[in-house]
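The opening residue of the sequence shown carries number 3 in the working numbering; numbering runs sequentially from there. Virtual Cβ for every residue (Gly too), placed ideally from N, Cα, C. These notes are about the structure you will find just below.
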Amino acid sequence: MKKLLSLLVAVALVLTLAACGAKTYTVAMITDSGTIDDESFNQGTWEGITEYCEENDISHKYYKPLEISDDAYLAAIELAVDGGAEVVVTPGYLFESAVYEAQFLFPEVKFVLIDGVPHSPWAEGGVFETAENTLSILFNEHESGFLAGYAIVKEGKTNLGFAGGMAVPAVVKFGVGFVAGAYYAADEENVALDFTNDTYHYFGDFDASDNHKNLAASWYVNGTEVIFSAAGGAGSSVMAAAEENNGLTIGVDIDQSSQSDTVITSALKQLGNAVKDALTEWEAGDFVGEITVTKAAANDGVALPMGTSQFDNFSQSDYDAIYAKLVSGTIVVPANHEELVSFFANEGISATGYPTVDVVQP
């Protein structure tokens, strides 16, 4: 019944648009739980779409679902397809089940799923299948987190914190990489870090709240210099706490330097570049589906925005040197707690008291 209602809503909207002589749009994006100007995942993806489509004179539009649910996501996808979409871009793992169904409902449409792989609902067995009209794009968030951790310690900060939204795979990898990078740099500099489980936390959601702000404020009051917040909208709560307590923050996903003066750098996922690459292949007739592509340092998928970062000591040459080690594989960044333990052992790094980061995966 719920799905039927969602579909009826989509049909009603399509009829309304048709009655008004609405324009059709070739490329569509469906927003996730955030907004198009969330200064995070949605915005980064939409900016990539907009840049490419405007350069190539391609009509484009975004659609915001009525609620956060598979049925609402599917209804929005159907609305986009009925509105003329030949390519539908969906940013975030929340779309995995909706895209799984949509790729079979609309075999003539190309789907680009970012940060996820299509699968049937978990209640129906969670069967993974990426159809020939679907491209999945994942990122090595742990490499981006590593760069941020390494840079901030090289900058001279040693009292650190990490605040994640929920312990979903992407957020966990950001945190693990951040710990690895921080302790790798500390070993090079022969300095001790104050970074333990006491300042490593998952909020349990991605929403801004006074509770999140108060927790971050308590860390700053107790000496934390920098908090890396991989928490979506909740990151604004951390920034607010930093502003009131002379703290610093590290942004996530996109360059968040314009969001707060406290942002010293951001752990980037090159969302715009990834989307533009996919659209370029589609327009050239070279779209390859049925695969999952991972964007990493080796293919310019992660980065720090050195042009806007507020570093005094960590230079562009320092950044280029550490980035090259990731590209060459000289440094293989851990993505989970087990790999982190091995990483410290293999690198001969003494990391007594480091955050254990071993959380129950979803």
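Annotated three-state conformation of L81 is helix, per DSSP.
If you look at T332, you'll find it isn't in any alpha helix (DSSP H); DSSP assigns it neither H nor E.
M241 carries a helical assignment under DSSP once its states are collapsed to helix, strand and coil. Listed in chain order, the alpha helix (DSSP H) elements of length 4 or more contained wholly in the region 184–250 are 212–223, 237–246.
Contact between V254 and F176 holds: their C-beta atoms lie close to 7 Å from each other, under 8 Å. CA-to-CA, the gap between L273 and E292 works out to about 20 Å. The beta carbon of L281 sits closer than 6 Å to those of Y54, all from its chain and outside the five residues before and after it, given in chain order.
The region 56–67 and the region 117–130 do not touch, with fewer than 3 CB-CB distances between them shorter than 8 Å. In the DSSP assignment, the residues bridged to D255 are L270. Nearest neighbour of T160 by Cα position, chosen from F141, P307, T33, Y185, turns out to be Y185.
Only residues of its own chain outside the window of five on either side were considered, and among them V155, L195 have a CB closer than 6 Å to the CB of A188, listed in chain order.
Counting along the chain, F164 sits inside the beta strand (DSSP E) bounded by residues 162–166. The region 76–96 makes no contact with the region 298–313: fewer than 3 CB pairs, one atom from each, lie closer than 8 Å.
Rounded to whole angstroms, M241 and E56 show a C-alpha spacing of 33 Å. The C-beta of N275 has 16 or more other C-beta atoms within 10 Å across all chains shown, which makes the residue buried. Secondary-structure assignment with DSSP links M31 through a beta bridge to Y64, V91. The region 162–169 makes no contact with the region 131–138; the number of CB pairs closer than 8 Å stays below 3. Look at F176 here: in three-state DSSP terms it is helix. For the pair L328 and L81, the Cα-to-Cα distance works out to about 42 Å.
For T52, the enclosing alpha helix (DSSP H) starts and ends at 43–57. DSSP, read as helix, strand or coil, puts F141 in strand.
Contact between T310 and S259 holds, with the beta-carbon distance rounding to 4 Å and staying under 8 Å. The Cβ-Cβ distance between F205 and A236 falls below 8 Å. With contacts defined by Cβ atoms closer than 8 Å, T28 and A87 form a contacting pair.
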